[in-house]
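In the working numbering, the protein residues as written are 38 to 104.
The C-beta atom is built at its ideal place from N, Cα and C for all residues, glycine as well.
Worksheet: one structure, shown below.
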Amino acid sequence: MLIERTNKEVIIRLPSYVNTDGLQSLIDFLTYKEATAKSKATQSKVDKLAIESKTGWYKKNRSRLVK
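See below:
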């Protein structure tokens, strides 16, 4: 494995024989880190937003789910 840092990016090189099935979780984590790198949101604000969005979804779909 080789990790290289340039002015614009970090490059990770793996040999072609590495099984890529297990790498998806790592890719998902790195995508999350990239998306949130410049965020100023606190964890408590993120948690509150998640609860609000779930509550709103449930209110919209309750009649379809509860019969």
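The beta carbons of I48 and M38 sit about 11 Å from each other, so the pair does not count as a contact at 8 Å. In the three-state scheme derived from DSSP, where H, G and I count as helix and E and B as strand, V103 is classed as coil. In the DSSP assignment, L39 falls within the beta strand (DSSP E) that extends over 39-42.
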